[in-house]
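>
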Amino acid sequence: MIVTLTANPSLDRTVELGGPLLRGEVQRAVAVRQESGGKGVNVSRALVASGLETVAVLPGDPGDPLLAGLETTKVPFAALPIDQTLRSNVTLTEPGGVTTKVNEPGPELTLDQQEQLLKLLVEQSGGASWVVLAGSLPPGVPASFYTSAAERLRAEFGPAAPKIAVDSSGAPLAASLGGRPDLLKPNADELAELAALVGLPDPGTPAELEASPERAATAARSLVDAGVGAVLATLGAKGAVLVTADGAWLATHAPIRAVSTVGAGDSSLAGYLLADISGADAEGRLRQAVAHGAAAASLPGSTVPAVNQTDPSAVTVTALTKD
Ligand SMILES: O=P(O)(O)OC[C@@]1(O)O[C@H](CO)[C@@H](O)[C@@H]1O
1 MIVTLTANPS LDRTVELGGP LLRGEVQRAV AVRQESGGKG VNVSRALVAS GLETVAVLPG
61 DPGDPLLAGL ETTKVPFAAL PIDQTLRSNV TLTEPGGVTT KVNEPGPELT LDQQEQLLKL
121 LVEQSGGASW VVLAGSLPPG VPASFYTSAA ERLRAEFGPA APKIAVDSSG APLAASLGGR
181 PDLLKPNADE LAELAALVGL PDPGTPAELE ASPERAATAA RSLVDAGVGA VLATLGAKGA
241 VLVTADGAWL ATHAPIRAVS TVGAGDSSLA GYLLADISGA DAEGRLRQAV AHGAAAASLP
301 GSTVPAVNQT DPSAVTVTAL TKD
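In this text, residue positions in the sequence shown follow the UniProt record's numbering: the first is 1, and each later residue adds one.
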């Protein structure tokens, strides 16, 4: 059983344009789709698609369109009523796969609601193998929220506590290091930003990290040395790097036709967890993560793949040596 916490879920609206995005112009959409999203929600959706047991913990009122979407797609959830509508994020997709995303800040959560959300998370997490703490934090929530969640889970369950995965960005991602997560899943942007925020040696720009997986592995290794269990750094079309205390690996996927990269990182994380709970070793976990990410990028909108839509045989995994 894998529990996800999405403190700031979003109804993802994907607007497909027939041509390039023209700033300042009126353009007609070719198609529109709507999916219940947010990073942890996407991980749960991907796990459900592969028949795994999961529950998505999130704020949301009965009848909110996002929760209605989860009911329709049979994604189990536990929602904390907040008396506010959840946010909508908009993605504009152009032919050729370029996507532009606008994310709203989301509804503010009071201190009491934050406390209730943590309680709900702990209630849902008994017997879970992993808890995924994912996405941005809504207004009013301190950057330390994910650290508090990790501490509460460990205090409640002791040695039987679930492993903690964090997939966030900016200050909440940096603060989460204090909770010694078992897994971090940054992309190149998030890894570069994290390095600057916590004072790691400059790993270079996100583009340089994607171009040089060794750079990404070096930054990830510093995080593992600082107490993080493992770092899965996703590098877009360049694949992903996994660093643990035992080694570092790069995985690349045969070229695909990218349709929408939204949710590809979340799918990678789901693939990693799915492989982990089926007992795969580090290379196997990385292989499935990249297979899941590539499959998600070839699907429209925030659509997440099932394991049988992925092709692990198209992934090449190589060990990276320490520099
Ligand atoms: O604003 P955040 O919380 O950082 O990211 C939210 C979001 O962009 O992440 C998912 C894709 O990873 C989408 O479903 C969702 O719209």
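Where a beta carbon is used, it is the ideal one built from N, C-alpha and C, also for glycine.
Predicted model, so just to flag it, every value in this text is computed and none were measured.
If you measure between the beta carbons of L109 and G140, is that distance less than 8 Å?
Yes, Cβ-Cβ distance for L109 and G140 is below 8 Å.
> Going along the chain, which unbroken runs of the beta strand (DSSP E) with 3 or more residues stay wholly within the segment 102-163?
Listed in chain order, they are 130-134.
> On a CA-only basis, which of P107, W130, L200 is nearest R154? Give me that one, please.
With distances taken between Cα atoms, R154 lies closest to W130.
> Tell me whether D266 counts as near ligand 3, meaning its Cβ is closer than 7 Å to at least one heavy atom of that ligand.
In the structure shown, ligand 3 is absent; the only ligands present are ligand 1.
> Put L200 into one of helix, strand or coil per three-state DSSP.
Residue state, collapsed to three classes: coil.
> First and last residue of the beta strand (DSSP E) that includes D12?
Unbroken beta strand (DSSP E) run through D12: 10-17.
> Does the beta-carbon of V26 have 16 or more other beta-carbons within 10 angstroms, so that it is buried, or is it exposed?
Classification of V26: exposed, given that the 10 Å Cβ count is below 16.
> Mind checking which residues open and close the beta strand (DSSP E) that includes T321?
Here T321 belongs to no beta strand (DSSP E), and DSSP marks it neither H nor E.
> What residue range does the beta strand (DSSP E) around E35 cover?
Counting along the chain, the beta strand (DSSP E) containing E35 begins and ends at 29-37.
> Please go through the same chain and pick out, in chain order, the residues whose beta-carbon is closer than 8 Å to the beta-carbon of L21, but skip the five residues on each side of it.
Result list for L21: Q27, L92, E94, V98, T100, in chain order.
> Could you give the first and the last residue of the continuous beta strand (DSSP E) run that contains I2?
That run of the beta strand (DSSP E) goes 2-6.
> Kindly indicate which three-state DSSP category residue 328 falls into: helix, strand or coil?
The structure shown does not extend to residue 328, since the chain is modelled only from 1 through 323, so no value can be given for it.
> Indicate, with yes or no, if ligand 1 has a heavy atom lying under 7 Å from the CB of G263.
Yes, ligand 1 has a heavy atom inside 7 Å of this Cβ.
> Ordered along the chain, which non-local residues of its own chain (more than five positions away) have a Cβ less than 6 Å from that of A143?
Within the same chain, A143 has close Cβ partners A171, P172, A175.
> Run the proximity test for G38: is its beta-carbon closer than 7 Å to any non-hydrogen atom belonging to ligand 1?
Because some heavy atom of ligand 1 lies under 7 Å away, the Cβ of G38 counts as near it: yes.
> Measuring CB atoms only, is the segment 295-302 touching the segment 257-268, in the sense that at least three cross pairs come out at less than 8 Å?
Yes, they touch.
> By Cβ distance below 8 Å, which residues in the same chain neighbour D246 in space, the five residues on each side in sequence not counted?
Excluding sequence neighbours, D246 sits near A282.
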